[in-house]
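One line per chain: the protein sequences are H and G, in this order.
The letter at position 216 of the first sequence is residue 216 when you use the numbering used here, and the numbering goes up by one with no holes.
The letter at position 259 of the second sequence is residue 1259 when you use the numbering used here, and the numbering goes up by one with no holes.
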Amino acid sequence: MKSLVIKDLHANIGEREIIKGLSLEIECGKIHAIMGPNGSGKSTLSKVIAGHPDYTVTSGEVLMDGENILGMAPDERARKGIFLAFQYPMEVPGVTIANFLRAAVSARLPEGEELEATEYYQRLYEKMDLLEMDRSFTARSVNEGFSGGEKKRCEILQMAMLEPKYAILDETDSGLDIDALRIVSHGVNVLRSPDRGMLLITHYQRLLDYIVPDVIHVMVAGKIVMSGPKELALELESKGYDWLTEEEPAPAV
Amino acid sequence: MSIPLFTDEPVRAAARQLFKSLPMPGRLDEAWRFADTKALDMSPFEAMPAPIDGDPARFVKRSRGLTETAGKMIFANDQLLSREVLDASLAQKGVIWKPLEIAAAEHPELFAKHFMAHGAPLGSEKFAALHAASVKTGTFLYVPRGVEIDLPIEVFHWLSGEKNSSFPHTLLIAEANSKVTLVDYFTGAQPDASGLAVGFNDLYVGEGAQLNYVCVQNWSLQTLAIQVNNTVVGANASAKSLNVNLGARYARNESASQLIGEGGRSDMLSVTVADGDQVFDQRTFQDHLAPGAFSDLLYKNALDGGARTIFAGMIKVEPDAHRTDAYQKVRNLLLSDNAEANSMPGLEILADEVRCSHGATSGQIEPEELFYLLARGISKNNAQRLLVQGFLQEAIDRIGNPALAEKLGEIMRAKFGN
Ligand SMILES: Nc1ncnc2c1ncn2[C@@H]1O[C@H](COP(=O)(O)OP(=O)(O)OP(=O)(O)O)[C@@H](O)[C@H]1O
Ligand SMILES: [Mg+2]
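This is the structure in structure tokens:
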């Protein structure tokens, strides 16, 4: 069975351990969600999987369809099928969305093959229509001057174009208004596929009404402390996180 | 037929004499501060451009510019190979667009009044004299009052052969309320041939006229290149110039813009991609002579390897130039620890109610930006190239011509591809 497996992962920023023995398996075709208090390490986990150089993995494994990806450079991981929709997408001045995505799509073509421009634009426009994005965005610099919601939409556009095997969506819902949430969720649901696993990081049950997950995990202080069916989200929303950590209080952030 | 000034041997001889008598710039010359003046040794090069050998058609074929142009002129080793007027209505409208020496013969007054009329105020008097002694041809473009040429006019100058020299000249007169875009492409035919290029521009922008001027400098990497640009901007006129600097071993670029009429505007733009041991030495002058004019300089340099850039810019607001707005911004992107960018901004304000600012910054590629591209599967090399292009794009976009911007992007990508 194909899956993204995280095994007893420990990761540091500098000397400080943020991920403290985390295990998780995201099967192809499934959607998992992670909820958890601010500072519990959710974004750190996503960046460690994507290969961000600021974090050191001290032990554990991340296996994509059986292959350990921790030794790979971030661009190689991405080409193999990892995608991270960032909580805070970067602005890239002077690089248009069209050129940026063209470079990303071209990077996935076999050696020596060139991107067919007409087909590329056709696909790009199709995905933009799906996400109800104005076509004028293609000529704008990536995320530069975008509203919070536009940035999130642009992340999902990238996912739609790159068709990853495993996608991690870090708080893609935050900053979206009600209509945008519906549109973006629709965009994500369209990408739901037996060949794709997804990990949604969110603080709000509302997103999970639109994108219904198979499993929900609760992350506290660098570990998964509870997993359960989608109803768990409702319980968390009414009770908060404190009851989960009575014996082991989360560090103040 | 006698061509006044131009082939007038005494005039040439005087220029040659002046070149010989003027001292070589030295380390202590303020105008050459930080420059390695030893790089200026001209002795290895031909005094006069040697003619091309072989089939000229190959240069014509390689002169690939924009898809849509109003006209195209191609020179190799200061010899005209082709002149294509694609917009036939230009001549009817009184546009004069000819090789320089022909125009000098046919329009001697116009020529004499404008040709090298402003000298070389930023340090290259000696090389200006060499240019005057050696120039054979170039572009003469006269756009009469009120005539608007929508599509760009393109001029190609090739330099071919070992130790050869070229002295390209562009003389452009845009009369009142006219509009024109001119693109010069300077290209080395062989990537490793050594060469000398000493070019000169006279750009006159009359009252209310609009000029876009772009020069793509892509001489071979063993070229010693000196370029002097003088722009004169009239009342309510707009001159935008963009230098794209890619080639040469040592490239000196002196650009002076005189704002002589109220409400005139000068945008002085430059993008440089420096690598290996290239040196780009840039000197600028925003000379405000009239009140209420505006100038805005943006120079962007990307430096890799052991490359070096020098920028020295002066904003001068003359006593009568009240209500001047003058800005100067230099941005250096350092891609290597061995690259070095020197910036020397300068201001001299002799009028009142003036708004001026200048600043130079140097920085590196933002690691989080790089990671964002890597996380999309773009290789590190390509990611860096994209970020460098993105960095330079701001200046290119200011020209406001997407087709031209695309073309410039393509030419720059070819350099990154090396
Ligand atoms: N680059 C970094 N430098 C210093 N500290 C960091 C860095 N990255 C993360 N941390 C710290 O690690 C902890 C976990 O941060 P992380 O962003 O992973 O939390 P999170 O669960 O995503 O929180 P939120 O819900 O607020 O997004 C925080 O205390 C944070 O300050
Ligand atoms: Mg986070």
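For glycine and all other residues, C-beta sits at the position ideal for the given N, C-alpha and C.
- Along the segment 1059-1089 of chain G, there is no position whose C-beta sits under 8 angstroms from a C-beta of chain H.
- Taking a Cβ-Cβ cut-off of 7 angstroms, Met35/H has no neighbours in chain G, whose nearest Cβ is about 23 angstroms from it.
- Under the three-state reduction of DSSP output, Glu1154/G falls in the strand class.
- In the DSSP assignment, the residues bridged to Thr1309/G are Phe1280/G, Ala1341/G.
- Residue-level contact check: Tyr1372/G touches chain H, since one or more beta carbons of chain H fall below 7 angstroms from its beta carbon.
- Of all residues in the segment 151-177 of chain H, only Gln158, Leu162 place a beta-carbon less than 8 angstroms from a beta-carbon of chain G.
- No residue range can be given for His52/H, since it is assigned to no beta strand (DSSP E) and is classified by DSSP as neither H nor E.
- Glu1406/G carries a helical assignment under DSSP once its states are collapsed to helix, strand and coil.
- If the five residues before and after Trp243/H are omitted, its C-beta is found closer than 7 angstroms to no C-beta atom of its own chain.
- For Ile1399/G, no chain H residue has a Cβ inside 9 angstroms of its Cβ, as the nearest lies near 14 angstroms away.
- Your pair Phe1285/G and Ser1266/G does not check out as a contact, with CB atoms roughly 11 angstroms apart and the cut at 8 angstroms.
- When distances are taken from the beta-carbon of Ile211/H to the heavy atoms of ligand 1, even the shortest one reaches 6 angstroms or more.
- Beyond the five residues adjoining it in sequence on each side, Leu1298/G comes within less than 6 angstroms, by CB distance, of Leu1269, Lys1329, Ala1395 in the same chain, given in chain order.
- When Thr1309/G, Leu1182/G, Ala1129/G are compared, the shortest CA-CA separation from Val1011/G is found for Ala1129/G.
- Pro1367/G carries a helical assignment under DSSP once its states are collapsed to helix, strand and coil.
- Considered as a whole, the segment 1020-1077 of chain G harbours 1057-1062 as its complete alpha helix (DSSP H) runs of no fewer than 4 residues, in chain order.
- In the three-state DSSP reduction, Tyr1372/G falls in the helix class (H, G or I).
- Inclusion of Ser43/H in the 6 angstroms shell around ligand 2 follows from its C-beta lying nearer than that to a non-hydrogen atom of the ligand.
- Residues of chain G with a Cβ closer than 9 angstroms to the Cβ of Ala233/H do not exist; the shortest Cβ-Cβ separation is about 27 angstroms.
- In terms of Cα proximity to Arg1016/G, the closest of Thr1069/G, Phe1127/G, Met1116/G, Leu1086/G is Phe1127/G.
- For a Cβ distance threshold of 8 angstroms, residue set Gly1390, Phe1391, Gln1393, Glu1394 of chain G lies close to Pro93/H, ordered along the chain.
- Under the DSSP assignment, Leu176/H falls outside any beta strand (DSSP E); it carries neither an H nor an E label.
- Counting C-beta pairs with one atom in each stretch, the segment 1088-1107 of chain G and the segment 1145-1153 of chain G have three or more that are closer than 8 angstroms, which means they touch.
- For Cys154/H, the enclosing alpha helix (DSSP H) starts and ends at 148-162.
- Pro74/H has a beta carbon lying within less than 7 angstroms of a beta carbon in chain G.
- Taking 7 angstroms as the cut-off, the beta carbon of Ala1176/G is found closer than this to the beta carbon of Gly1206/G.
- At a cut-off of 7 angstroms between beta carbons, Ala1403/G makes no contact with chain H.
- Per DSSP, the unbroken beta strand (DSSP E) holding Met226/H starts and ends at 223-228.
- The beta carbon of Met90/H sits closer than 7 angstroms to some beta carbon of chain G.
- Sequence-distant Cβ neighbours of Asn1401/G in its own chain, meaning closer than 8 angstroms and more than five residues away, are Pro1152, Thr1181, Asn1212.
- Under the 7 angstroms criterion on CB atoms, Ala50/H is classed as interfacial with respect to chain G.
- One thing to note: Thr172/H has its Cβ within 7 angstroms of the Cβ of Lys152/H.
- At a cut-off of 7 angstroms between beta carbons, Ser1266/G makes no contact with chain H.
- Per DSSP, Glu1084/G lies in no alpha helix (DSSP H); the unbroken beta strand (DSSP E) holding it starts and ends at 1079-1085.
- Around the Cβ of Met161/H, a 10 Å sphere holds 16 or more other Cβ atoms; the residue is buried.
- Interface criterion not met: the Cβ of Gly1363/G is under 7 angstroms from no Cβ in chain H.
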